[in-house]
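Visitor: Heads up, the sequence shown is in the working numbering, so the first residue is 561 and it goes up one at a time. Right, I'll just put the structure down here and ask away after.
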Amino acid sequence: METPSERGGILIVRVWVEQDRPDGFRARIIRSVDGRDGPASAACEAEDVLTAVRAWLRDVLGAGG
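Listed below in structure tokens is the structure:
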């Protein structure tokens with residue numbers, strides 16, 4: 561019997577408001593998958609934050625996700 565592999569990850573999205581920004585905020589994104597830290601990134605558009613979340617989720621779920 562094969563032992564199922566466990567995958568996991570951590571995603572931290574820190575957001576703060578900046579009135580002079582076009583979208584009004586900035587975000588710092590910190591990610592980890594299976595204990596390996598990825599590079600931190602920054603975003604100032606909502607779509608960029610959502611893209612980062614989707615990419616991280618694909619990494620955690622692997623090819624089958």
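In this text, a Cβ means the ideal position worked out from N, Cα and C, and glycines have one as well. Since the structure is predicted, the reported quantities are computational estimates derived from the model, not experimental observations.
1. Any idea if V593 is buried or exposed, counting beta-carbon neighbours within 10 angstroms, 16 or more meaning buried?
2. If I'm right that V609 touches I589 with Cβ under 8 Å, what's the distance once you round it to whole angstroms?
3. Would you identify the three-state DSSP class for A600, choosing helix, strand or coil?
4. Going by DSSP, what residue range makes up the alpha helix (DSSP H) through R614?
5. Under 6 Å Cβ to Cβ from A603, same chain only, skipping five residues before and after it: list those, please.
Guide: Here's the rundown:
1. buried
2. 7 Å
3. The three-state reading of DSSP puts A600 in coil, since its state is none of H, G, I, E or B.
4. A606 to L621
5. A587 and V609
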